[in-house]
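Worksheet: one structure, shown below.
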Amino acid sequence: MSATDVQRIEATFSTDSWEETPVALTPDSPLKKTRVRTTRTFTGGMEGSAITEYTMVYHPTPAGSAPTSDKHAVTASFAGLMHFAGSINGSPPGEAVFVTTGTFEGTADAEWVLDERTASGGLANMKAKGGYSSKGITATQSWLEIQKAK
Numbered sequence: 228m229s230a231t232d233v234q235r236i237e238a239t240f241s242t243d244s245w246e247e248t249p250v251a252l253t254p255d256s257p258l259k260k261t262r263v264r265t266t267r268t269f270t271g272g273m274e275g276s277a278i279t280e281y282t283m284v285y286h287p288t289p290a291g292s293a294p295t296s297d298k299h300a301v302t303a304s305f306a307g308l309m310h311f312a313g314s315i316n317g318s319p320p321g322e323a324v325f326v327t328t329g330t331f332e333g334t335a336d337a338e339w340v341l342d343e344r345t346a347s348g349g350l351a352n353m354k355a356k357g358g359y360s361s362k363g364i365t366a367t368q369s370w371l372e373i374q375k376a377k
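For the sequence shown, our numbering begins at 228 and goes up steadily by one.
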């Protein structure tokens, strides 16, 4: 996308639910792997709802570090899909899947790209990429750069 063809919009989402389930690894693995399913409500430049499904891998605690129960002291990497249903930038309603990758190091930082082959309704033919940075589950600011396909 060239800079002149791109429109940046802002949206806010709240995480309405968070379900995290452990995934078994080898018995001696220093890693913790989980599956996460969330529901979200979007307002602003994106109006609608989403279901996300991530796989998360928590990084091992560095050698010599004291164990902690502070969930913000851990780090993780995650990847997954977000199924969004609603409108973007005032479009008619539609649906699309965003492919998401990110990290957590006290703040969840993620980038997402709309999979154009999944877009339907008012989101058909839309190209978009964006992301978010979140310290919690409410009022997460996100952004999206959009371009209609030519």
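For every residue, glycine included, the Cβ atom is placed at its ideal position computed from N, Cα and C.
Problem set entry | Cross-strand partners of ARG344 (DSSP beta bridge) | Numbered from its first residue, the sequence shown carries residue 344 at position 117. ARG344 pairs with nothing; no bridge assigned.
For this session: Output yes or no for whether 8 Å exceeds the beta carbon distance between ALA337 and GLY329.
Result: Working through the sequence shown from its first residue, we reach residue 337 at position 110. Working through the sequence shown from its first residue, we reach residue 329 at position 102. In this structure, GLY329 lies closer than 8 Å to ALA337 by Cβ.
For this session: Report all residues from its chain with a CB closer than 6 Å to the CB of ARG264; omit the five preceding and five following residues, and keep chain order.
Result: On the sequence shown, residue 264 is found 37 positions in, with the first residue counted as 1. Result list for ARG264: GLU246, GLU280, in chain order.
For this session: Report buried or exposed for GLY317, applying the criterion of at least 16 other Cβ atoms within 10 angstroms of its Cβ.
Result: Walking along the sequence shown from the start, residue 317 turns up at place 90. When all chains shown are included, GLY317 counts as exposed.
Exercise. Do SER304 and THR334 come within 8 Å of each other at the CB atom, strictly closer than that value?
Worked result: One-based indexing of the sequence shown puts residue 334 at position 107. One-based indexing of the sequence shown puts residue 304 at position 77. No.
Exercise. To which residues does DSSP link SER304 through a beta bridge?
Worked result: Taking the sequence shown and counting its residues from 1, one reaches residue 304 at position 77. According to DSSP, which records beta bridges pairwise, SER304 is partnered with VAL284, THR330.
Exercise. What span of residues does the beta strand (DSSP E) with SER244 cover, start to end?
Worked result: By one-based count along the sequence shown, residue 244 stands at place 17. 234-250 is the extent of the beta strand (DSSP E) around SER244.
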